[in-house]
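Read the structure below first, then the notes.
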Amino acid sequence: MAPPVQEFSPAVEAVPGRPGEEEFQGQGSLEAAFLARQDVICLDSSDSSGEEEEEDAKPPAIPTITPTIRDDVIELSSGDDDTLPISSESANEDEGAGGTEESSGAHINDSLNQPDAQGRVLVNINHPAEEEDLYLVPQLARAVKPHQVGGIRFLYDNLVESLERYKGSSGFGCILAHSMGLGKTLQVISFIDILLRHTGAHTVLAIVPVNTLQNWLAEFNLWLPSQEALPPDSDPAEVAGRTFRVHILNDEHKTTVARAKVVEDWSRDGGVLLMGYEMYRLLSLKKSFVTGRKRKSKKPQGPVIIDLDEEDRQQELMKGIEKALARPGPDVVICDEGHRIKNYHASTSQALKNIRSRRRVVLTGYPLQNNLIEYWCMVDFVRPDFLGTRQEFSNMFERPILNGQCVDSTPQDARLMRYRSHVLHSLLEGFVQRRGHDVLRDQLPSKDEHVIMVRLSPLQRALYAEFMDRFREAGNSGWLGLNPLKAFCVCCKIWNHPDVLYETLQKENLANEQDLDLDDITAATNPRCPGAGLKAKAADSANSRSNITLPPLNPIQERANQVITYEWAKDIMSNYQTGVLENSAKMLLLFHLIDESVIRGDKILVFSQSLSTLTVIEDFLTRRPIPAGRVSPNNHGQNQTWVRNINYYRLDGSTSASERERLINQFNDPENTSTWVFLLSTRAGCLGVNLIGANRVVVFDASWNPCHDAQAVCRVYRYGQKKPCHIYRLVCDFTLEKKIYDRQVSKQGMSDRVVDDLNPVLTFTRKEVESLLHFAEEEPDSTKAPPQPQKEMETVISQACQLYPHLITKEPFHHESLLVDRKESKLTKAEKRAAKKSYEDEKRASVPYSRPSYAHYYPTSDQTLINIPAFNQLTTKIKETPTYFNIPWHGLYLCMELYWREVTQCLHNKFHNLLKNTVCLRSRISHIVGSQKFTYNLPKIISYLFQLYFFHHIPSGSEVYIHSISIS
Numbered sequence: 001m002a003p004p005v006q007e008f009s010p011a012v013e014a015v016p017g018r019p020g021e022e023e024f025q026g027q028g029s030l031e032a033a034f035l036a037r038q039d040v041i042c043l044d045s046s047d048s049s050g051e052e053e054e055e056d057a058k059p060p061a062i063p064t065i066t067p068t069i070r071d072d073v074i075e076l077s078s079g080d081d082d083t084l085p086i087s088s089e090s091a092n093e094d095e096g097a098g099g100t101e102e103s104s105g106a107h108i109n110d111s112l113n114q115p116d117a118q119g120r121v122l123v124n125i126n127h128p129a130e131e132e133d134l135y136l137v138p139q140l141a142r143a144v145k146p147h148q149v150g151g152i153r154f155l156y157d158n159l160v161e162s163l164e165r166y167k168g169s170s171g172f173g174c175i176l177a178h179s180m181g182l183g184k185t186l187q188v189i190s191f192i193d194i195l196l197r198h199t200g201a202h203t204v205l206a207i208v209p210v211n212t213l214q215n216w217l218a219e220f221n222l223w224l225p226s227q228e229a230l231p232p233d234s235d236p237a238e239v240a241g242r243t244f245r246v247h248i249l250n251d252e253h254k255t256t257v258a259r260a261k262v263v264e265d266w267s268r269d270g271g272v273l274l275m276g277y278e279m280y281r282l283l284s285l286k287k288s289f290v291t292g293r294k295r296k297s298k299k300p301q302g303p304v305i306i307d308l309d310e311e312d313r314q315q316e317l318m319k320g321i322e323k324a325l326a327r328p329g330p331d332v333v334i335c336d337e338g339h340r341i342k343n344y345h346a347s348t349s350q351a352l353k354n355i356r357s358r359r360r361v362v363l364t365g366y367p368l369q370n371n372l373i374e375y376w377c378m379v380d381f382v383r384p385d386f387l388g389t390r391q392e393f394s395n396m397f398e399r400p401i402l403n404g405q406c407v408d409s410t411p412q413d414a415r416l417m418r419y420r421s422h423v424l425h426s427l428l429e430g431f432v433q434r435r436g437h438d439v440l441r442d443q444l445p446s447k448d449e450h451v452i453m454v455r456l457s458p459l460q461r462a463l464y465a466e467f468m469d470r471f472r473e474a475g476n477s478g479w480l481g482l483n484p485l486k487a488f489c490v491c492c493k494i495w496n497h498p499d500v501l502y503e504t505l506q507k508e509n510l511a512n513e514q515d516l517d518l519d520d521i522t523a524a525t526n527p528r529c530p531g532a533g534l535k536a537k538a539a540d541s542a543n544s545r546s547n548i549t550l551p552p553l554n555p556i557q558e559r560a561n562q563v564i565t566y567e568w569a570k571d572i573m574s575n576y577q578t579g580v581l582e583n584s585a586k587m588l589l590l591f592h593l594i595d596e597s598v599i600r601g602d603k604i605l606v607f608s609q610s611l612s613t614l615t616v617i618e619d620f621l622t623r624r625p626i627p628a629g630r631v632s633p634n635n636h637g638q639n640q641t642w643v644r645n646i647n648y649y650r651l652d653g654s655t656s657a658s659e660r661e662r663l664i665n666q667f668n669d670p671e672n673t674s675t676w677v678f679l680l681s682t683r684a685g686c687l688g689v690n691l692i693g694a695n696r697v698v699v700f701d702a703s704w705n706p707c708h709d710a711q712a713v714c715r716v717y718r719y720g721q722k723k724p725c726h727i728y729r730l731v732c733d734f735t736l737e738k739k740i741y742d743r744q745v746s747k748q749g750m751s752d753r754v755v756d757d758l759n760p761v762l763t764f765t766r767k768e769v770e771s772l773l774h775f776a777e778e779e780p781d782s783t784k785a786p787p788q789p790q791k792e793m794e795t796v797i798s799q800a801c802q803l804y805p806h807l808i809t810k811e812p813f814h815h816e817s818l819l820v821d822r823k824e825s826k827l828t829k830a831e832k833r834a835a836k837k838s839y840e841d842e843k844r845a846s847v848p849y850s851r852p853s854y855a856h857y858y859p860t861s862d863q864t865l866i867n868i869p870a871f872n873q874l875t876t877k878i879k880e881t882p883t884y885f886n887i888p889w890h891g892l893y894l895c896m897e898l899y900w901r902e903v904t905q906c907l908h909n910k911f912h913n914l915l916k917n918t919v920c921l922r923s924r925i926s927h928i929v930g931s932q933k934f935t936y937n938l939p940k941i942i943s944y945l946f947q948l949y950f951f952h953h954i955p956s957g958s959e960v961y962i963h964s965i966s967i968s
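First residue of the sequence shown: 1, per the UniProt record's numbering; consecutive thereafter.
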């Protein structure tokens, strides 16, 4: 028998100012609090008389709760009318009514994104009657595509709304999530021109990857030339010059004085300031630079003389820079490749969040990369607190979506995943505009992505098996078990080509982690090992992409960061002969793809994330002849080998900006018939590069982050491409690389659900996605029938299947086939309503959340719990501080084993006899916390259950899943 609700009538005071919530004033009751279900509730007794008013109203009926118990999740279903029934009739009734839901946002109907009869493009559609029409300048109006018109209008609606609204509002941010190659730069330039011409905006800060700075400047000069650059006889009706200056802050500005000069000019004169992420981070941290970087002398230094006046001048300059950049900062801040804002604790993210301007724009072609928390971080930058705290977002969205996206997920988990994915998508569609490559289908040739599963050579299989044996011997406590990224580094050297591993052995490079572009994936993949890749992170580079603040390492982390040793490979590699192409099936297939592409007159890009692998490819390439018919005209038909910077180019992180631009322009030149191959590192070549001169791409190894491979593909599939594009992904089967590729598909599927509201096929089980290291030593049976080329198969792939059937484990397939949108899995209108209602109900039920920004609303009375009758009987005095509860509903699945009878006794003022006891929390999920036991002070447990009893109505005998209990 539950205690009567009317026994407890403390004052209920709600946090004011919460959107969509009613406010309580003065005295109230827990019944009223339950009915209102406030997000934050503070229990306080502010009645000086100490007498409680009698309530005439009946207490709210407690609904019947039926626990549905599964192995790992308990679902509480209510028997009242709160639940929206979804019958087959209602589902069928709405079937097909919703149509195809392409990616979201306003202004995505391209039939409306058209110029008027005079060729003008109106930006502020539906503006107030008293405001004038705002049109793009003529040269931009002629250039923009319909989807770009929609993007410009979307930016205007979110950041400006109306000219009058702009003057009196701090504004909002938004995310322009157009796929790569759709012209986000042009859209932003067009919007900036409208902003600075017609509003009171004075300054715009554009923070972009450092290797795209020159590209941004060139785009501004192309589309909006300065007044001085226009010919004297130019017609303003044809071309209008820009009315603002474009400032650029790059590595040429070495000293604080030089940097302060650029920032001061921009702040005074207005316009646009272009700068890199790393530069912004350094300036926002007030790091001064007198003479740039100097090499440290090994000789002992003499007395250090400090010029105090110079130090003061430096500090004053840095204060001025910070004031201009952040406090108050620019009127609008734009972050290109904004998915870099994905680590909440990274100094770059923290520095960007310090900008006071709320008009923030994130440009990204790949909004969701590794996980939903990264997506939350980016959304929280443009709309702070819109999705709640990180903890709240994880409880409401991340865990339900992750739990239900595998093929072996329970039906309830899969349904909840579909519901929450839709709710998250619909919540964000007001300020996230997503446009996919479907807008290019009518304007660009076709694109096919082929996945070729490759067999390891006997030598590679022996090396891989030996490496896995060492893993077994070390166990989970060794460096490999604690840091799978290091296993990834080693395995790349095995499956790409043993020559890469041999070179490492010869150079005795025991910890060559900088060979791979891994600096951004540590936190996403192994949070236990924040120190992974310390060497790479310690590199003092002005263009360093890493900005993770590393905490002190504990012994486990120290083991995880032990250097990689290659002693295990020395016996196998003792008599190794280098330069044998057949030692790697990948290499054989790569050069088949290169030769066949060149014979067909197609230029080809080769991407690898390993610099050593690029070097090995280059060595093999320089020893091979160029296919007949494609030699230089002056060679008179003789066999000609590949020559760097003539027949092939290479671009990696060491390539200077000027050399980079020269190579790209020469490669894209249609008159250049001598250069056929471009070798690129995945990270250096996936941003700010337009390589439409090629139409074939080989992704030689799978990246941990699927964004990098996708960006590499989009170097060729973009505006200006004239030929059909073919992408070849080479993946070693039965290895860690296959697992990484599986994860790529899983991550892409999650992105499709949340960002694009699609329903990709559930392809993999949870075990397949989560188990990284593949221990199986089985070699796929080579005696089985080799894959047969299909009639519809592309000719180059078909020839590879005929020539090298023993190197391919299964028939090549299309990458897109694993991401097919299942139309039958789309939610009906009734299901969408149910999804939204269940989300809102759970959000209300998961009371109360606590947010730091609302701290000043909390009551200051120190009698919070004392006037509650159940707590008056406590023999131990409760800490006299304002009390609120932070109890996320989902979590790490800790099972609280308390019998409800004991709880009700406690709530009936009888729990004082149990005060000396503790309550044990044990885990039901052994792989998360093992058999550890956790103890919490009983009054805290009782306080928590007291809230659960009145706000969640947990029935007798049920088990409650919680994440944390905190009383402040």
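Ideal placement from N, C-alpha and C gives every residue a C-beta, glycine not left out. Since the structure is predicted, the reported quantities are computational estimates derived from the model, not experimental observations.
Should residue i be listed as close to the ligand NAP, given that the test is whether its C-beta is under 8 Å from any heavy atom?
{"i": "Lys167", "result": "Absence of the ligand NAP from the depicted structure is noted, as is the absence of any ligand whatsoever, leaving it without description."}
Taking C-alpha atoms, which residue in the options lies nearest to residue i?
{"i": "Tyr566", "options": "Asp602, Val500, Leu614, Ile373", "result": "Val500"}
{"i": "Tyr728", "options": "Val210, His198, Leu589", "result": "Leu589"}
{"i": "Ala702", "options": "Pro805, Lys722, Ser681", "result": "Ser681"}
{"i": "Gly271", "options": "Asp312, Val333, His253, Thr212", "result": "Val333"}
{"i": "residue 981", "options": "Val796, Glu842, Lys254", "result": "No answer is possible for residue 981: the residues shown for the chain start at 1 and end at 968."}
{"i": "Gly685", "options": "Val210, Asp110, Ala143, Ile108", "result": "Val210"}
{"i": "Ala326", "options": "Pro458, Arg435, Arg281, Thr809", "result": "Arg281"}
{"i": "Lys145", "options": "Asn126, Thr185, Gly173", "result": "Thr185"}
{"i": "Leu249", "options": "Asp265, Ala240, Ser421, Arg242", "result": "Asp265"}
{"i": "Glu252", "options": "Met180, His127, Ala657, Cys492", "result": "Ala657"}
{"i": "Val382", "options": "Asn672, Lys723, Lys353", "result": "Lys353"}
{"i": "Ala462", "options": "Ser584, Phe431, Pro445, Gly388", "result": "Ser584"}
Distance check for residue j and residue i, CA to CA, integer angstroms please.
{"i": "His147", "j": "Ser190", "result": "13 Å"}
{"i": "Tyr576", "j": "Tyr502", "result": "8 Å"}
{"i": "Asn113", "j": "Arg718", "result": "21 Å"}
{"i": "Arg650", "j": "Thr615", "result": "10 Å"}
{"i": "Val362", "j": "Pro330", "result": "15 Å"}
{"i": "Pro706", "j": "Phe607", "result": "13 Å"}
{"i": "Leu308", "j": "Arg359", "result": "39 Å"}
{"i": "Ile626", "j": "Gln640", "result": "6 Å"}
{"i": "Ile594", "j": "Ile604", "result": "7 Å"}
{"i": "Val731", "j": "Cys492", "result": "11 Å"}
{"i": "Asn221", "j": "Ser170", "result": "30 Å"}
{"i": "Tyr839", "j": "Phe154", "result": "27 Å"}
Give me the Cβ distance between residue i and residue j, rounded to the nearest whole Å; I'm assuming they're in contact under 8 Å.
{"i": "Leu163", "j": "His202", "result": "About 15 Å separates the two Cβ atoms, so there is no contact after all."}
{"i": "Leu679", "j": "Tyr648", "result": "7 Å"}
{"i": "Ala835", "j": "Val423", "result": "5 Å"}
{"i": "Thr348", "j": "Tyr277", "result": "6 Å"}
{"i": "Thr613", "j": "His708", "result": "Not a contact, Cβ separation roughly 15 Å."}
Please report whether the beta-carbon of residue i lies at a distance below 9 Å from any beta-carbon of chain B.
{"i": "Val263", "result": "Reference to chain B is not applicable here, since this structure consists of a single protein chain."}
Report yes or no: do the region 212-229 and the region 132-148 share at least 3 C-beta pairs separated by less than 8 Å?
yes
Counting Cβ pairs, one atom from each stretch, are 3 or more of them under 8 Å apart for the region 337-345 and the region 375-383?
yes
Say whether the region 589-600 touches the region 566-576, bearing in mind that this needs 3 or more beta-carbon pairs closer than 8 Å, one atom from each stretch.
no
Cβ contact (3+ pairs, closer than 8 Å) linking the region 253-273 and the region 315-326
yes
Three or more C-beta pairs closer than 8 Å, one from the region 413-428 and one from the region 153-169: is that the case here?
no
Whole runs of the beta strand (DSSP E) within the region 344-425, excluding any shorter than 3 residues:
360-363
Of all the beta strand (DSSP E) runs that stay within the bounds of the region 134-189, which reach a length of 3 or more residues?
174-178
May I have a chain-ordered list of the alpha helix (DSSP H) segments no shorter than 4 residues that lie completely inside the region 576-627?
585-599, 611-622
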